[in-house]
Structure formats: structure tokens, C-alpha cells
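Below you'll find the structure, written out as C-alpha cells, and then a few comments.
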Amino acid sequence: MSVLGAERIKLFSTKSPWWSSLATVVFVVGFGMIFLLTTASLVREDGPAVPFRVGVSTTQQGIFFGQMVILVMAALAITTEYRFNTIKTTFQAIPGRTSVMLSKALIIGLLAAVLGEIAAFASWGLGRLLVTDFDLTIRTADQWRQVAGAGLVFAITAIIGLAVGALTRHTAGAVTALLVWAMLGEQLIGAIPRVGDKIQPWLPFNAGGHFLGVGPNQNEGAQTGTDLPYNAWGAVAYFAGVAVVLFLVAVLVVNRRDA
Amino acid sequence: MIEAVGLTKRYGRTVAVDNLSFTVKPGRVTGFLGPNGAGKSTTMRMILGLDRPDAGQVRIDGKTYHQLDRPLRTVGALLDAKWVHPNRSARAHLRWLARSNGLPNRRVGEVLELVGLTSVADRRAGGFSLGMSQRLGIAAALLGDPQILLFDEPVNGLDPEGIHWIRQLMKRLAAEGRTVFVSSHLLSEMAQTAQDLVVVGRGRLIAQCTTAEFVDTASETSVRVRSPQLDRLREVLLRKGYALHVEPGVDGNALVVTGSVTSEQVGEIAAEQDVVLHELSVRRGSLEEAFMRLTGDSVEYRTDGQGPAGPAAAGSEDLMVAGGVNR
Amino acid sequence: MVVPLSFKHAVRGQVGGAMIEARGLTKRYGRTVAVESLSFTVQPGRVTGFLGPNGAGKSTTMRLILGLDRPSSGDVLIDGKHYRDLHSPLRYIGALLDAKWVHPNRSARAHLKWLARSNGLPKRRVDEVLELVGLTNVAKRKAGGFSLGMSQRLGIAAALLGDPQILLFDEPVNGLDPEGIHWIRQLMKRLAAEGRTVFVSSHLLSEMAQTADELVVIGRGKLIAQSTTGEFVERASGTSVRVRTPQLERLRTALAGTAGTTVRVDEGALLVNGMTSDQVGEVAATQGVVLHELSPQRGSLEEAFMRLTGDAIEYHAEEAGEHLHMQGTSGGAKE
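Here it is in C-alpha cells:
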């Protein structure tokens, strides 16, 4: 338990996690509202001609931007330790490096989960206040999943960020790798004709998005040509699986190498 | 007690530490000396389980570092004062460390007081001077009230008062029966602090002994004599076969008698001859002389063509002349 | 191979007599007074140590000498001129203030080359000083990858570049290993022996005791002392003479009878205060006492320094160490 306590003190005794947390919520809510208001006005003007509707998941379209901040924050949680050499002090105080990694994962994962919940429900709540002519009430289990699931997706995202941070040890390298992968890589691969469609479900961030109903192939009620090989829970399980594998590799490497 | 047995560490094709074995005993300050690149820092990191030895091992009270439960209560270390997150306060830095080893929060305030940082405890460590960072590092090392302490260049950046303080602190820690292992390049400082020495060069053990033994075996002791009847004394000493030379000083000419000679012998001879003495002092070799002699061939950046233990200066005229020829 | 310390090609700044004079030097930063009406002289031909606790104003003074900072009042003159009025200043005064003031992506040689160029010094001199400090084989590497010791050597090379009559060093042994420390000490002594002015600040008093002939000691921005190292130590900590003899009691009685002298026995030897070793030797001779040791004991520079600057210290650590031990936790000390 003391290892967890130490990691918690470490995380909250510098300012950057606080700023990152704020940025996460602002990004999710901000981009979510822009998307919601734009979609709502399009639907109002063109009615049924538009291939999508306005619903609960429409309020959640900013999630992806929050995820990017979570990735960076989680990577920083360990790359700054390498940059300022505090990793040596950490391993000196706690020679069991696996427990250090697990504690970091737990703390940063928990923070991400809490931020995910706050951001998702804030988006939904604000959306209901701003857009009153569409029904944004949460009724079905799917709708609950689409909002409340953000915490889980954020937590998994944080584990990926942490793992990549631990593997690269450099802030610039980790952030570049993560953002290029999540923002560009997955979009570009998905855009490759024919093959892209087949690979796309297996791209982890897409899978995570699918769980929340904000994947590239979904909008509320939108029909797409892709048949996904899993349901929503299968998608998140796949996303989590990727994170766990990456994390295990990171733990193994951290234990092997000199501090 | 720290025991290194056959410790070896390679980085690629470079051998940083080569089959190094030594013991650091409790109750004494043990100095860890060696030229740059001799493998001192690598050894310190291996003691703390930060680097993994390629062969051999280090044991702390019979256990490897990884086997220690709450290691900060057994071993405290200051390796590099700048290993602190610059945006974290000194207090927060110590708090997470204390927490990680189940030490009470009260202890943080105590060590801050001990090193004199209480008034700046809530300031960002990144804004600290090197001296202040050093004190913070020492506070971190003392946090768990450990029986074993490792310090790498502890006086770095400290001012004279700080240097005096850390020297007294190390002596006191040792007097309490703790094991104190301290590496430093400042030999005049180490001569005042360390009772035992572990000397390495190019990753290998050069010597492990007491500081006095080290100085005695590797450097010469001489006797300095001043007298109003210096010439007479000189003749007598020469006749008796003593090696000596005359050395001018601010207090007049003096005889320096070298070789195996004691001040007692010179004093008895002077008395026999009714020679009045104005000074009769023993000059021990310095730790620096001894060190330079023994590590001469393991220096990383040799300067200036002269051997490291070479005579004080080859004379600046020689330098100018040789320089002229060079051109 | 022996490397030239100085070189013929550059025109000497001025041979001999180059000195630094501070007169009423004062520097304020906002409401803090860093240096307060400081006056001192640094003479050629000797190594002058510049001592003071942290925050005493040493670095500020060095910067004022080099014209990097402007004094709030007072003056500091080099050979009677302000630094800014010196033509090709590197030929007059070489300085090592902070070894890390080098662009990390520039090679050691390139760093020295632009410096040489800026003061019209021949390129050959760059290689000479690199050789002198022992960096020739790493001269093409980026300075950013240098260890502190290597950076320090590069800084010293830069200071020596213009073969200046005046040299300023701020903590020159920082990061150097024992061989490097020995080398820089001998170098400073040699530079002084050649008639140059060498002004060096350091916290390492045991090192300064071996190097400096003269001292300028400041505390809280004010001058505490300017004197020779020997005088400084004697004045602050006094001297005593240690005597060993087989006829201890006889000598003790004889010495104790002299006015103004105190004698005490310490580990089988006599410690005599209030007499020089010459005087003690004469007394011993008249008494027919055989001497086994007669050595003047000088106080250390550290003792003298601590006594004189006692109240000018910035961060006081706990001397008694009541917090050394952890209280109230079981098994704290032993595992």
C-alpha cells in the first residue's frame, strides 16, 4: 500500500497532472458541444435527409480528444521520472520494479477513469441544457454504456500511455509515437481501400471508440458497410487486451534494464 | 556492512567494473576513491540494485538490495543531488519517499530541520542551488534512519560551512556504529574524513586498507629541521648517511631529511652535537601523493604531458622553450 | 610532449603589473544588496583566493569585474581601465565562471575557434590550449556530451586562450578528478609564478590553503579580510607548538615559567601557546633537553574562516543533530 501512496503523492505534487486533468475535461466537453450543436443544426435544417440522428452518443464525440490528453499525461507520469532521474530514487526506495509499475498503472488508471466519468457526464449534462429539442435522456443499457463507459476507456488508454512511456523513456518519443498512432495511424490505415475496412476493427483505439458508440463507423443510428467481428463489450475487451499486453512487455523491459 | 564479491559490469564492449571485491565495515567512514571513469558510480548503482551486475554480487548485511524490505530503513544514499523533479517541492519529494517505505510523515520535518532546509521546504526543488539540492539529497538519505549510508561527492556545491557540517555528520554517523561509504575526488577532504579506503582504477581494486596505511605505503615521510646551526647539523647527518636536501622557506632555510628516518633519530643526533633546534617536524606524505602514485596509469584525461605524480612544475621556462621548439 | 602555456604570436596585454582594483563596489538587485562598498586589490605574481559563504556576493563580484553586470556604485578597474574599455579583452583577462556556459551542440574546438576569432587570436592557439588542458582527442565532440570535469577543462582552455595577464576562476576544481585537481592547482601556481594575476574563488578551503598566497574574504557582500593566507590563519586561530621529548617534565617546568605562555600535555606531547617554535627550541637547548619533535601547529584555514564568517551563513544546518535518529518507530535502525 505504501508504494501506492508514494505514487499518489508523486502524481499530485507537481502541477502538470492538474493541468492535464483540466484539459481533458475541457477538450471532451468543448469538442463534444461543438459536434452536438453542429449536428443538431444540420438535422434541424435537412431533417431525415441527413444520414445520422442526434442522441445521447452525439454528446460524447469529444471523447477522442480527451483520450489524447490522457495518453500524454500517462506517458509523462513515467518519462519525466526518467528525464529528471527520479526513477533511480524510485527504484532505490522500492526495488520491486513490478510493484512500482503496477502502482503507477493503478493510480494513473484511476485518475483517468474518474476524469472520463466527469467529462462524459459533464458533456451529456451540458448537451441537455444546450439542445432541448432532441431527446437526450439516457434510457437504454447501450446509452448508459456510451456515457458511463468513458471511464473504462480512459483507464485503458492511460495504461497504453504508461506502457509506451516506460518503453521509450523519452517524453518526445513517447508522445510522438502515441499521437501518431492514435490520431494519424489508425485513421490512415482505416482509409486504405478494401484492406482498411478489414483491419480497422483490430485497431485498438477504434475498438475503444466502438465501445462508446463514437468509433469511425458509428454515429447514432448510422449504418455502415463494416460488419464488426465483435459487439461493444468484445470491442472493449480487445482494447483492454492490447493495453495489457503492452503493459506486460513494459514491465518485463523495465525489470530487465538498468535504471 | 557492504560486501562486493567479484563484481563485474560491462556496457557493450567497455568493462566498467572488473571482478571487484571489497568490504565496507560498520563504525567507520570508508572513502571510495578512483580517477574519473574508474567505475565508482557504476559500483554505487550496483550496490543499490539500480544496475544489474554481469557477474558477482553485492550484499548488504548478507542480503541483496532486492531482498531488503523497506530498503530506505537499511540503506540511505545520495548519488546525485539533481535527481529530483524540478517542479516538486522539497517536502513533497521527501513525503513520497517516506510514504514508499512506510516512514512516518513527521520524519520528513525532522530531516528537513536536520539539513537546514525547513524554511525553503515548500519551494520548487528546481529553483534550488546545487548546495541546497545537496542538502535535500542528504535529507533523503537520512530519512529512514538507516544503518548504511552511501554518499557520492557529498560536498559538491556546499560552501565551507556546509562542507564542515557534512564532514562532522559523516564522522558522527560512523561513530554511532553505522556504515558510511563515501566517494569523492577531493583527497584533502577525504584525508580528514575517511578512516578506511577502497581505491579503484579502471574498474579494478587497487587497494583496500586504512587511510594511514595507504598514505604510509605509497608516499614518503620526511623530517623537516630548522636550526641556527644548520650547516653543522647537515654535515653530521650527511656523514651518518642520511639523504637530505635544503629547502628555502618563509621562515628561513630548512633541512628536509628523507628516507627511513624518524624525528626521534634526528633529535638525538642534534642533542649529541649540542645543536639548537628551531623546528623538528614530521611531514607525512599526502593522500594525494599516494593516490597519484598508485593510480598513475588509470587516469582518463591526462593533462599536459607531465605524469600525474610528476614534479610540481617542470618549470615554466622549460615550457616556453619547448613551446618555441614546437613551433 | 610539453605544451606552451603562453605563446609569442599574440601581443601581450601588458607585461607585469596587471592588477584588479575594486573601489567601493556596490551592487543591488531590487532591494537586496549583493555587494556593498567592497574595496580590494588583487596583485600580480600570486594566487589570490576569493572566499566567502554562499550568497556572500562572490559571483556577483566576478561578474562585475568582467563587465557582465553594471555596478550600482563604485568601480572595478583592470590595469586602471574598465572591462568594457579593454580592446581585445581576452588578451588581458581570461575567466572561467561557469563551465556549462557553452552551446551543447557546438564542438569544443568550434567553441574556442569563435572565441579566438572574436579577439583576433590565431587559430593555432586553439589547438595549443586544447593540448594544454588534455582535450585534444575529444575536441571535435559536442560540448553538450562532456562530463563536468571535461567542461571544466574546456572552460580553462577558453580562459587561457588569449594568454592573458589576469585570470579569474570560479570553483575551478568542480567536477575534476584528483589528477585534474592536482593539475589545476599546479597550473594556477605556475601562472602566478610567471607574474600573472590569478584570482580564484572556491569553497574548498583545504584546497585553497594549498594554493592561495593571498586571500580576499567577504561575507554578506562586505569585505571581512584581505591578507596573506598565513596571516589570516594565524590571526584567527593562533598558533601553537607541539613538542615531544623524553624529558617532558623538565621542559614543561622550564616553559611554564615564561610569562605569557601556556603549556598543556596532550597524548604524551606538550602543546605550547604563546611562543614560537624557535623560542621553544632555545629554551630546550639551554635546559639540555633532547627533542623528538618540535613542530609549529597552524590552525586550519577552515577554522579561521568559520570563526570570521560565522554570522554570514545562509542555511544553517543542525549542528547538534537531534533529528538524526528517527523516534518512535520500531526497527527503524536495524533491519
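Protein sequences appear in the order of chains P, C and L. Terminal number for the first sequence in numbering that gives the first Met the number 0: 258, no gaps in between. Terminal number for the second sequence in numbering that gives the first Met the number 0: 326, no gaps in between. Terminal number for the third sequence in numbering that gives the first Met the number 0: 334, no gaps in between. Idealized CB from N, CA, C, for every residue including glycine.
Only exposed fits GLY119/L, as fewer than 16 other CB atoms lie within 10 angstroms of its CB. Considering only beta carbons, the part of the stretch 92-107 of chain C lying closer than 7 angstroms to chain P consists of ARG94, TRP95, LEU96, ARG98, SER99, ASN100 and GLY101, in chain order. Around ARG201/C, no beta-carbon contact reaches into chain P at under 9 angstroms, the shortest distance being about 20 angstroms. Put simply, the stretch 155-169 of chain P touches the stretch 65-79 of chain P. At least three CB pairs are less than 8 angstroms apart. Closer than 9 angstroms to the CB of LYS197/P there is not a single CB belonging to chain C. Comparing C-alpha distances from LEU71/C to each of ARG94/C, GLY176/C, ARG87/C and CYS208/C shows the shortest one belongs to ARG94/C.
Contact check between the stretch 243-258 of chain C and the stretch 188-195 of chain C: fewer than three CB pairs, one atom from each, fall below 8 angstroms, which does not count as touching. When the beta-carbon positions are compared, GLY51/L and ILE217/L come within less than 9 angstroms of each other. Beta-carbon to beta-carbon, ALA94/L and LEU167/L are separated by about 4 angstroms, close enough to satisfy the 8 angstroms threshold.
Contact between the stretch 284-304 of chain L and the stretch 233-243 of chain L is present: 3 or more CB-CB pairs across the two stretches fall below 8 angstroms.
Of GLY248/C, HIS277/C, GLU271/C and ARG223/C, the smallest CA-CA separation from THR257/C is found for ARG223/C. Taking 9 angstroms as the threshold, the shortest C-beta distance from THR170/P to chain C does not fall below it.
Against chain C, the CB of GLU233/L has no partner CB under 9 angstroms away; the residue lies outside that interface. Taken atom to atom, the span from the alpha-carbon of VAL179/P to that of GLN186/P is near 10 angstroms. Around the beta carbon of HIS322/L, a 10 Å sphere encloses 16 or more other beta carbons of the protein chains shown; the residue is thus reported as buried.
Annotation: GLN59/P to SER122/P spans about 7 angstroms, alpha carbon to alpha carbon.
Chain L has no Cβ within less than 9 angstroms of the Cβ of ASP230/C. Distance from the CA atom of VAL125/L to the CA atom of PRO163/L, rounded to whole angstroms, is 14 angstroms. Under the Cβ criterion of 9 angstroms, VAL83/C is counted among the residues facing chain P. Cα atoms of GLY266/C and ARG249/L: separation of roughly 16 angstroms, rounded to the nearest angstrom. By the criterion of at least three beta-carbon pairs nearer than 8 angstroms, the stretch 106-123 of chain C is not in contact with the stretch 37-45 of chain C. Along the stretch 238-264 of chain C, going in chain order, the ones with a CB nearer than 7 angstroms to a CB of chain L are SER262 and GLU263.
LEU243/C counts as buried, since no fewer than 16 other beta carbons sit within 10 angstroms of its beta carbon. Only buried fits HIS92/C, as 16 or more other CB atoms lie within 10 angstroms of its CB.
If you check the CB distance, LEU111/C and ALA97/C do not come in under 9 angstroms. Contacts with chain C at 9 angstroms (Cβ-Cβ) do not include ALA73/P.
Closest option to ARG27/C, judged by alpha-carbon separation, among TRP82/C, ALA76/C and ASP195/C: ASP195/C. Using a Cβ-Cβ cut-off of 7 angstroms, GLU230/L is close to nothing in chain C; its nearest Cβ partner there is about 11 angstroms away. Among the bridge pairs identified by DSSP, THR227/L is matched with GLU213/L.
Approximately 5 angstroms separates the beta-carbon atoms of VAL4/C and GLY55/C; this is inside 8 angstroms, confirming the contact. Taking C-alpha positions only, ILE188/P is separated from LEU110/P by approximately 31 angstroms.
Residue pairing from DSSP places LEU6/C in a beta bridge opposite LEU19/C. For GLY143/C, the nearest CB of chain L lies under 9 angstroms from its own CB, placing it at the interface with that chain.
The beta-carbon distance between SER236/L and GLU302/L, rounded to whole angstroms, is 5 angstroms. This is short enough to meet the 8 angstroms contact definition. For LYS221/L, same chain residues with a beta-carbon under 6 angstroms away, outside a window of 5 residues either side, are GLU35 in chain order.
Against chain P, a Cβ distance below 8 angstroms from ASN86/C picks out THR13, LYS14 and SER15.
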